[in-house]
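Asks:
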Amino acid sequence: MSGRRPIRSTFLPMFTRPGRATALASGALVACASLTAGCGVVPGATGGSEDDPIKVMTWAPQNTDATNKPGMPAFAQAYARWINAKGGINGRKLTVLTCNDRNDSVAAAKCARRAVKEGVVAVIGSYSQHSDSFFPPLEGEGIPYIGGYGVTTDEFTSPLSYPVNGGAPTLLAGLGKALAPSCGPVALIRPDTIAGDELPVLLDSGLTAGGHAVAEDLRAAEDATEYSEKSEEALESITTDPEKNGCVVPSIGDRTGTFMDSFRRAREDYPEVRTGTVLGSVDQTVIDASGGPSGPYEGSYITGWYPVETDPRWDTMKKVISEKAFGDNRIDPADAGVQTTWIAYAVFKAAVESLGDGEISADAVRRALDHGLEVDTGGLTPTLRWESQAELASVGFPRLVNTDVTLQVVRNGRLVSAKKGFTDVTNTLKNADLN
6 MSGRRPIRST FLPMFTRPGR ATALASGALV ACASLTAGCG VVPGATGGSE DDPIKVMTWA
66 PQNTDATNKP GMPAFAQAYA RWINAKGGIN GRKLTVLTCN DRNDSVAAAK CARRAVKEGV
126 VAVIGSYSQH SDSFFPPLEG EGIPYIGGYG VTTDEFTSPL SYPVNGGAPT LLAGLGKALA
186 PSCGPVALIR PDTIAGDELP VLLDSGLTAG GHAVAEDLRA AEDATEYSEK SEEALESITT
246 DPEKNGCVVP SIGDRTGTFM DSFRRAREDY PEVRTGTVLG SVDQTVIDAS GGPSGPYEGS
306 YITGWYPVET DPRWDTMKKV ISEKAFGDNR IDPADAGVQT TWIAYAVFKA AVESLGDGEI
366 SADAVRRALD HGLEVDTGGL TPTLRWESQA ELASVGFPRL VNTDVTLQVV RNGRLVSAKK
426 GFTDVTNTLK NADLN
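Position 215 of the sequence shown, counted from 1, bears residue number 220 in my numbering, the numbering being contiguous throughout.
#1: With a threshold of 16 other CB atoms inside 10 Å of the CB of Asp70, please say whether the residue is buried or exposed.
#2: Consult DSSP for Ser305 and reduce its assignment to one of helix, strand or coil.
#3: Check for me: the beta strand (DSSP E) holding Cys188 runs from which residue to which?
#4: Which residue or residues does DSSP assign as beta-bridge partners of Trp64?
#5: Is it the case that the Cβ atoms of Thr262 and Val410 are separated by a distance below 7 Å?
#6: Please name the residue or residues paired with Glu221 in a DSSP beta bridge.
#7: Please report the Cβ distance between Ala5 and Leu204, rounded to the nearest whole angstrom; I am assuming they are in contact, meaning their Cβ atoms lie under 8 Å.
#8: For a minimum of 3 consecutive residues, which ranges assigned as the beta strand (DSSP E) are wholly contained in the stretch 228-276?
#9: Going by C-alpha distance, which of Pro149, Asp109, Arg86 and Leu378 is nearest Thr100?
#10: Mind checking Phe80: buried by the 16 CB within 10 Å criterion, or exposed?
#11: Classify Pro317 as buried or exposed, calling it buried when 16 or more other Cβ atoms lie within 10 Å of its own Cβ.
#12: For Ser399, count neighbouring C-beta atoms within 10 Å of its own C-beta (all shown protein chains included) and say buried if the count is 16 or more, exposed if not.
#13: Between Gln344 and the rest of its own chain, which residues show a CB-CB distance below 6 Å, the 5 nearest in sequence each way excluded?
#14: With Ala437 and Val156 assumed to form a contact (beta carbons below 8 Å), what rounded beta-carbon distance in angstroms separates them?
#15: Is the Cβ-Cβ distance between Val357 and Asn95 less than 7 Å?
#16: Between Ser138 and Ser110, is the Cβ-Cβ spacing less than 7 Å?
#17: In the DSSP assignment, find the alpha helix (DSSP H) that holds Asp209 and state where it starts and stops.
#18: Once you ignore the five residues that flank Arg270 on each side, which residues in its own chain have a CB closer than 8 Å to its CB?
#19: Within 10 Å of its beta-carbon, does Val421 have 16 or more other beta-carbons around it, so buried, or fewer, so exposed?
#20: What's the C-alpha gap between Leu434 and Leu385?
#21: Considering Cα atoms alone, identify which of Pro298, Ser295, Ala294 and Gln289 is closest to Asp340.
#22: Given a threshold of 16 other Cβ atoms within 10 Å of its Cβ, counted over all protein chains shown, does Ala50 qualify as buried or as exposed?
#23: Nearest-angstrom Cα distance between Ser163 and Leu405?
#24: Please confirm whether Thr282 and Ile307 have their CB atoms less than 7 Å apart.
#25: Quick one: Cα of Asp266 to Cα of Arg195, how far?
#26: Of the residues Pro141, Lys249, Asn170 and Gly124, which one's Cα is nearest the Cα of Ala349?
#27: Three or more C-beta pairs closer than 8 Å, one from the stretch 317-333 and one from the stretch 138-148: is that the case here?
#28: What residues in its chain sit with their C-beta under 6 Å from that of Gly181, if we drop five residues either side in the sequence?
#29: From Thr244 to Asn68, what distance separates their C-alpha atoms?
#30: Which first and last residues belong to the beta strand (DSSP E) in which Lys410 is found?
#31: Out of Ser305, Asp293 and Ser295, which one is the CA nearest neighbour of Glu277?
#32: Three-state secondary structure (DSSP) at Val370?
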């Protein structure tokens, strides 16, 4: 297979979908909230009664042969148990419905239609690759999509989308920028899918910003059981110059670990190379399972959206897990999906609290988010606020409001911060050749 497929709106990161409206203009109201405190809202002062719970949905793929995120809906239900034990949100109980999108467009559409039928006021902290299937039903009913994982273009273009991270655009741009000074030739191993077709340009935006040549683009099956051939192909392409240490960047979701198993065996016959990847493809659990300090990830740079899992800013989230989901091995506090779900529910909580004793509906939540709501996530992200046109609207990301990434590195088998604080990749993406 050669050349790129025609670009569709399903995956990252090019153009807004024709006919999509821009976001509603921001109003003058500015509210604030944090993960630990509201803004003076009196508990219980809401519309409706305590017998009328607030209903939301969280969906993600589970038990599939590709990427799975069972921790996201599992954590959402743990969050509901935790918040309800504290009296709910503004005195109203929270009901979380969950749905398995099965990495399938038909199942994703069914999840969205169920959300509409059940009358949810938001879809929160979810993962799906099939925005062409799930956004139309949500948009038809005005249901906001808060804190998706950031894997589709529509999450950064739809006026009903409220992303809390920068998705794949920021992770790959940030990784390319980090690798540029220290890598020789770079090879990207990515899925041979429409989603994967848009990853090279994002990594290249960071590499070229650092004065580096673009990466070798190597497609791979996202559901393969081994990657020995692709490992050798990558090694051949980056070891041509013995004076320069090449770098391999696997980004195949849940199959990244499978690739690294094959890569570890293949690299024994080649000069020393480095690896780098993004969170979501690798976390501490994967590093441990691959051998820790003696494994293939040692020394790897890894970009993420948030601080490392050991950072004390995650303590409240960990408390929720220990109190309301103890022993549930689906929920890993180091998983970027679980972390995104925690932040997404903080955004939703802030929106509901800002309504005071007013109506709690999909329209009301959306108006709160559109009219200047600011959400302080306790330092896990910059303050979140969704403008009518974000700074990256000119390159096709009008809803991308969080352009910060963290740079981490595997040292002695542990994922630790490689650089203090966040790196803003706004300018890197602005200068990227996204057309």
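All C-beta atoms, glycine included, are put in the ideal place defined by N, C-alpha and C. Note that this is a predicted model, so its numbers are computed, not measured.
Replies: Reading it off the structure:
#1: exposed
#2: coil
#3: Segment: none, Cys188 is in no beta strand (DSSP E) and carries neither H nor E.
#4: Cys104
#5: The sequence as given places Gly at residue 262; Thr does not occur at that position. No; because the gap between Cβ atoms is not below 7 Å, this pair is not in contact.
#6: Ala192
#7: An answer regarding residue 5 cannot be provided, because it is not within the stretch 6 to 440 covered by the chain.
#8: 252-255
#9: Arg86
#10: buried
#11: exposed
#12: exposed
#13: Tyr311
#14: In fact, because the Cβ distance is near 18 Å, the residues do not count as touching under 8 Å.
#15: yes
#16: yes
#17: Leu204 to Ala214
#18: Ser233 and Ser236
#19: exposed
#20: 22 Å
#21: Gln289
#22: Confidence at Ala50 is low in this model, with a pLDDT of 30, below 50, so the placement of that residue is unreliable and no value is reported for it.
#23: 10 Å
#24: yes
#25: 16 Å
#26: Asn170
#27: no
#28: Leu208, Gly211 and Leu212
#29: 38 Å
#30: A small correction: the amino acid at residue 410 is Val; Lys does not occupy that position in the sequence shown. Asp409 to Arg416 is the span of the beta strand (DSSP E), which, as asked, contains Val410.
#31: Ser305
#32: helix
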